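Numbering (numbering that gives the first Met the number 0), first residue to last: 0 to 360.
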Amino acid sequence: MAKSADVWTIKAALDWTVGYLQRKGDANPRLSAEWLLAEATAMRRIDLYVNFDRPLSMDERDVLRDYVARRGAGEPLQYITGEVAFRHIAVKVRPGVLIPRPETEVLVSEALALLPTQKRRCAVDSLSVAEQEALAFAWGARREEDGSVSLPEDEGGLRPGASLPEQVDASSQHGEACEASECERAAAPLVADLCTGSGCIACSIAYEYPSARVYATDISSTAVSLARENVHALGLGERVEVVECDLALGLLPDHAGMFDLVVSNPPYIPDEVMEQLPGEVSDFEPRLALAGGADGLDVYRRLLEQVRTLLRRGGSFAFELHEDCLEEAAELARAAGYEDVRVVADLAGKPRVLTARLLDA
Numbered sequence: 000m001a002k003s004a005d006v007w008t009i010k011a012a013l014d015w016t017v018g019y020l021q022r023k024g025d026a027n028p029r030l031s032a033e034w035l036l037a038e039a040t041a042m043r044r045i046d047l048y049v050n051f052d053r054p055l056s057m058d059e060r061d062v063l064r065d066y067v068a069r070r071g072a073g074e075p076l077q078y079i080t081g082e083v084a085f086r087h088i089a090v091k092v093r094p095g096v097l098i099p100r101p102e103t104e105v106l107v108s109e110a111l112a113l114l115p116t117q118k119r120r121c122a123v124d125s126l127s128v129a130e131q132e133a134l135a136f137a138w139g140a141r142r143e144e145d146g147s148v149s150l151p152e153d154e155g156g157l158r159p160g161a162s163l164p165e166q167v168d169a170s171s172q173h174g175e176a177c178e179a180s181e182c183e184r185a186a187a188p189l190v191a192d193l194c195t196g197s198g199c200i201a202c203s204i205a206y207e208y209p210s211a212r213v214y215a216t217d218i219s220s221t222a223v224s225l226a227r228e229n230v231h232a233l234g235l236g237e238r239v240e241v242v243e244c245d246l247a248l249g250l251l252p253d254h255a256g257m258f259d260l261v262v263s264n265p266p267y268i269p270d271e272v273m274e275q276l277p278g279e280v281s282d283f284e285p286r287l288a289l290a291g292g293a294d295g296l297d298v299y300r301r302l303l304e305q306v307r308t309l310l311r312r313g314g315s316f317a318f319e320l321h322e323d324c325l326e327e328a329a330e331l332a333r334a335a336g337y338e339d340v341r342v343v344a345d346l347a348g349k350p351r352v353l354t355a356r357l358l359d360a
């Protein structure tokens with residue numbers, strides 16, 4: 000590495016790293032070098048440029064050497080830095096778990112749009128304690144009348160109707176309150192995130208929709224462990240629970256017909272496309288989280304069946320799928336009895352997200 004009198008300055012280290020990564024075939028050597036050096040020195044990227052003459056400590060030099068060697072070998076930048084910005088949050092990432100991507104931010108946007116508008120709340124704040132208890136009892140009674148299955152009072156307190164929501168629209172009047180079941184869903188919708196990976200989707204929904212309760216599932220113990228870390232780090236443990244299971248099997252049959260929304264970024268890359276993936280993806284990211292079978296829809300077909308059981312009538316799903324599979328996926332959804340089937344493009348204009356609603360009756 001470039002040095003002067005055995006002193007490595009920020010500028011010298013940056014210039015050397017850019018050149019090294021360029022020779023190794025990095026598609027964005029300058030960006031990679033900035034991220035690695037910023038991580039090694041615990042600085043912001045912009046601060047590197049006003050500290051060109053600052054020497055690196057011996058520890059910083061050792062860390063940078065390791066980072067550069069890993070990146071030069073093709074390891075994804077996100078695994079090296081250990082963190083990814085995703086919408087309004089940052090999540091930890093590590094080898095063995097799929098790296099969140101920008102197109103998945105579009106999935107979250109579409110999923111949030113399917114939830115009730117947050118202003119549609121009952122004004123329970125203005126009620127007396129006795130009135131609030133009566134309303135809570137009514138919600139519980141409606142669930143019993145509908146034959147709904149109560150969620151267990153497990154860690155995270157994810158039992159809809161166990162208490163009144165804290166956040167309400169103060170401008171509403173109790174006399175204008177919606178029916179009990181509608182009020183409950185608008186106040187605290189229940190969401191399932193299947194194939195959660197790092198937990199970026201579940202955490203984003205819970206963060207951006209503060210009254211939502213979310214169950215996140217994954218078959219990978221590595222992913223489940225990481226997702227739980229992210230939930231805890233973001234302070235979402237009371238509203239997000241991570242379950243280790245295959246798709247929705249850990250939620251059924253106890254939670255059948257209870258979810259307002261199911262969202263998923265399942266393995267969806269067709270076999271033929273898998274063979275063409277760049278080494279940075281195929282050599283480092285888990286095949287389990289990528290491969291979708293011959294046509295990319297193997298997992299999707301299982302999702303359609305299970306999600307139909309999870310959703311309440313009128314509930315919705317939002318799935319991220321491969322651009323070559325969306326039309327067939329949409330037809331399968333219609334054939335399975337879903338309505339309002341929509342295909343949404345990602346930021347690059349490619350078909351990417353499928354949304355649909357379960358018939359009300």
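Where is the CB? At the ideal position from N, CA and C, for every residue including glycine.
This structure is a prediction, so every number in the text was calculated from the model and none was measured.
Counterpart residues of residue i in DSSP-defined beta bridges
| i | result |
| --- | --- |
| Leu193 | Thr216 and Ser263 |
| Glu90 | Checking the sequence, you will find Val at residue 90 rather than Glu. DSSP, once it has assigned bridges, lists Val83 as partnering Val90. |
| Arg356 | Ser315 and Glu338 |
| Glu240 | Tyr214 |
| Ala344 | Pro350 |
| Pro54 | Thr8 |
| Leu325 | Answer is none; Leu325 lacks a bridge partner. |
Proximity below 8 Å, CB of residue i to CB of residue j
| i | j | result |
| --- | --- | --- |
| Pro269 | Asp323 | yes |
| Leu361 | Ala247 | There is no way to answer for residue 361, as the model of the chain reaches only from 0 to 360. |
| Tyr66 | Glu38 | yes |
| Arg307 | Ala332 | no |
| Ala211 | Asp217 | no |
| Leu346 | Glu207 | no |
| Arg233 | Ile88 | Checking the sequence shown, residue 233 turns out to be Leu, not Arg. Yes, the Cβ-Cβ distance between Leu233 and Ile88 is below 8 Å. |
| Arg70 | Gly81 | no |
| Asn229 | Ser197 | yes |
| Leu47 | Trp7 | no |
| Thr116 | Asn264 | no |
| Pro385 | Gly249 | This structure cannot settle anything about residue 385, because the visible part of the chain is limited to 0 through 360. |
Sequence-distant residues of its chain with Cβ nearer than 8 Å to residue i (five each side left out)
| i | result |
| --- | --- |
| Lys10 | Phe51 and Asp52 |
| Glu279 | Gly73, Glu74 and Pro75 |
| Leu251 | Gln305, Thr308 and Leu309 |
| Glu59 | Ala39 and Thr40 |
| Asp294 | Pro269, Cys324 and Glu327 |
| Val272 | Gly295, His321 and Asp323 |
| Leu35 | Thr16, Leu63, Tyr66, Val67, Arg70, Leu76, Ile79 and Thr80 |
DSSP three-state assignment for residue i, whether helix, strand or coil
| i | result |
| --- | --- |
| Asp25 | coil |
| Leu287 | helix |
| Leu113 | coil |
| Pro75 | coil |
| Val107 | helix |
| Ile268 | strand |
| Leu225 | helix |
| Leu303 | helix |
| Leu310 | strand |
| Asp14 | helix |
Close Cβ partners of residue i (< 7 Å) along its chain, the five nearest in sequence each way excluded
| i | result |
| --- | --- |
| Pro350 | Glu322, Leu325, Val342 and Ala344 |
| Ala32 | Leu13, Thr16, Val17 and Leu20 |
| Ala328 | Leu296, Tyr299, Leu320 and Leu353 |
| Glu132 | Confidence in Glu132 is poor, its pLDDT being 39 and thus under 50, which makes the residue's placement unreliable; the coordinate value appears in the next sentence. Closer than 7 Å at Cβ, skipping near neighbours: no residue. |
| Leu113 | Leu260, Ser315, Ala317 and Thr354 |
| Ala205 | Ala211, Val213, Leu235, Arg238 and Val239 |
| Asp282 | Gly73 |
| Ala26 | none |
Cβ neighbours of residue i in the same chain (closer than 6 Å, five flanking residues each side left out)
| i | result |
| --- | --- |
| Asp359 | Arg312 and Gly313 |
| Cys199 | Phe85, Val90 and Pro99 |
| Arg44 | Glu33 and Ala37 |
| Ala201 | Asp192, Thr195, Val213, Ala215 and Val239 |
| Arg356 | Ser315, Glu338 and Asp339 |
| Glu175 | Any reading at Glu175 needs caution, since the residue's pLDDT is 40, under 50, leaving its predicted position unreliable; the model's value is listed next. Same-chain partners within the cutoff: there are none. |
| Asp5 | none |
Closer than 8 Å is the cut-off here; do at least three beta carbon pairs connect the stretch 92-106 with the stretch 238-249? no
Does the stretch 190-197 come within contact of the stretch 254-263, defined as at least 3 CB pairs closer than 8 Å? yes
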